[in-house]
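Numbering (the numbering used here), first residue to last: 1 to 101.
Think of the CB as a built atom: it goes at the ideal place given N, C-alpha and C, for glycine as much as any other residue.
Here the structure comes first, spelled out in structure tokens, and everything after it is commentary.
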Ligand SMILES: [Zn+2]
């Protein structure tokens, strides 16, 4: 990984965003444009595109689940703490016990 120039440093910030905002089923939902803003990229379509790239990089590195996107980041059950937040995800239509990563 140390030599891999395709690694996007923003991917780690995506991971931290997922960790920080994940609910009890490991989903961190974001409003339109919110993730790009949170990653310090900014607002607008170009920012969303850059954020999307960061999410794709995080996915390829296994830092977030494969169904992650700009509107929701998912984490494997081993990576997040249970017991806080809601137990469902409106974006993925997932509830605790069904379809949680
Ligand atoms: Zn979700």
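Beta carbon of residue i nearer than 8 Å to that of residue j
i, j, result
"residue 28", "residue 41", "no"
"residue 14", "residue 73", "yes"
"residue 30", "residue 71", "yes"
Where the alpha helix (DSSP H) through residue i begins and ends
i, result
"residue 22", "Here residue 22 belongs to no alpha helix (DSSP H), and DSSP marks it neither H nor E."
For residue j and residue i, believed in contact at Cβ under 8 Å, the rounded distance
i, j, result
"residue 47", "residue 11", "Contact doesn't hold; Cβ gap of about 16 Å is too wide."
"residue 85", "residue 23", "3 Å"
"residue 52", "residue 92", "With 8 Å as the limit, residue 52 and residue 92 do not qualify as a contact, their Cβ atoms being about 17 Å apart."
Counterpart residues of residue i in DSSP-defined beta bridges
i, result
"residue 88", "95"
If you scan the segment 36 to 84 from start to end, which runs of the beta strand (DSSP E) of 3 or more residues do you find wholly inside it? 72 to 74
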